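Worksheet: the structure to be examined is printed underneath.
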Amino acid sequence: MDLRYPWEIDAKGRVPEHPSLAYHNQSIEHRPYDQAALPPSVAPGPYLAARYAEVAEDGTKEIRETLQLIGAAAESDTPLVFHCASGKDRTGLVAALVLSLLGVPEQTITDDFTLTERATPLLVADWRASNPDRELMWPAYGTAPAEIMTGFLSDLKSRYGSVESYVTETLGLPPTFASALRTHLLEPPSTGRVGPAGEHAGRT
2 MDLRYPWEID AKGRVPEHPS LAYHNQSIEH RPYDQAALPP SVAPGPYLAA
52 RYAEVAEDGT KEIRETLQLI GAAAESDTPL VFHCASGKDR TGLVAALVLS
102 LLGVPEQTIT DDFTLTERAT PLLVADWRAS NPDRELMWPA YGTAPAEIMT
152 GFLSDLKSRY GSVESYVTET LGLPPTFASA LRTHLLEPPS TGRVGPAGEH
202 AGRT
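Residue 2 is where the sequence shown starts when you use this note's numbering, and the numbers rise one by one after that.
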């Protein structure tokens, strides 16, 4: 599942066709912007949180279809990969929605998102290699401060009440969608047992 614009795919290519996989282009972003050209004064947290909010507002059709594909893959136990260009913004948004629907704590979602910064040097190097005639203006390019994700999730709750309300009322997915996703993507809780010496035995 490719979350990029069609013009990005034309410029950079896509996963090769193969009979073992189905390819879906779900361009969830509708307002292009050039992060590399932003001035140093732009703070990444508020700026990108606002862009994520725009995606959630504009891309309802594509986000709904994306979640439906994820739900269908989960139900059929089919492997699924979703990605964008850098794996941070559009991918991070979809991942945050799925993890929220699964009941993952917001702090864990945010911590997971910030791990993207491990790839920041590679993202910057890739941009420079692809744009030899341009100067990278924004020092925050490729970074993933926690404020982006906390701001986005806070905005979702403020605008829509909750992530589940956004998914059911704005995207139009059924109220049972989140519970079905949990059924198929979460392992059942471990019951375990207490051994003769008092030790706890069970799945970890």
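Ideal Cβ placement from N, Cα and C applies to all residues, glycine included. Fair warning: this is a prediction, and the values are worked out from it, not measured in the lab.
{"Query": "To which residues does DSSP link His-84 through a beta bridge?", "Result": "Asp-3"}
{"Query": "By the 10 Å Cβ neighbour count, where 16 or more other Cβ atoms means buried, how is Ala-202 classified, buried or exposed?", "Result": "Low confidence applies to Ala-202: its pLDDT is 36, below 50, so where it sits in the model is not reliable, and the reading given next is rough at best. That one is exposed."}
{"Query": "Are Ala-50 and Phe-153 touching if we call contact CB-CB under 8 Å?", "Result": "yes"}
{"Query": "Could you tell me the distance, in whole angstroms, from the CA atom of Asp-156 to the CA atom of Ala-54?", "Result": "7 Å"}
{"Query": "Taking all protein chains shown into account, decide if Thr-117 is buried (16 or more other Cβ within 10 angstroms of its Cβ) or exposed.", "Result": "buried"}
{"Query": "How many Å lie between Ala-73 and Asn-26 at the Cα?", "Result": "16 Å"}
{"Query": "What residues in its chain sit with their C-beta under 8 Å from that of Pro-47, if we drop five residues either side in the sequence?", "Result": "Glu-148, Gly-152"}
{"Query": "With C-beta atoms as the reference, is Leu-137 less than 8 Å away from Arg-129?", "Result": "yes"}
{"Query": "Which class does His-185 belong to by DSSP, given the choice of helix, strand or coil?", "Result": "helix"}
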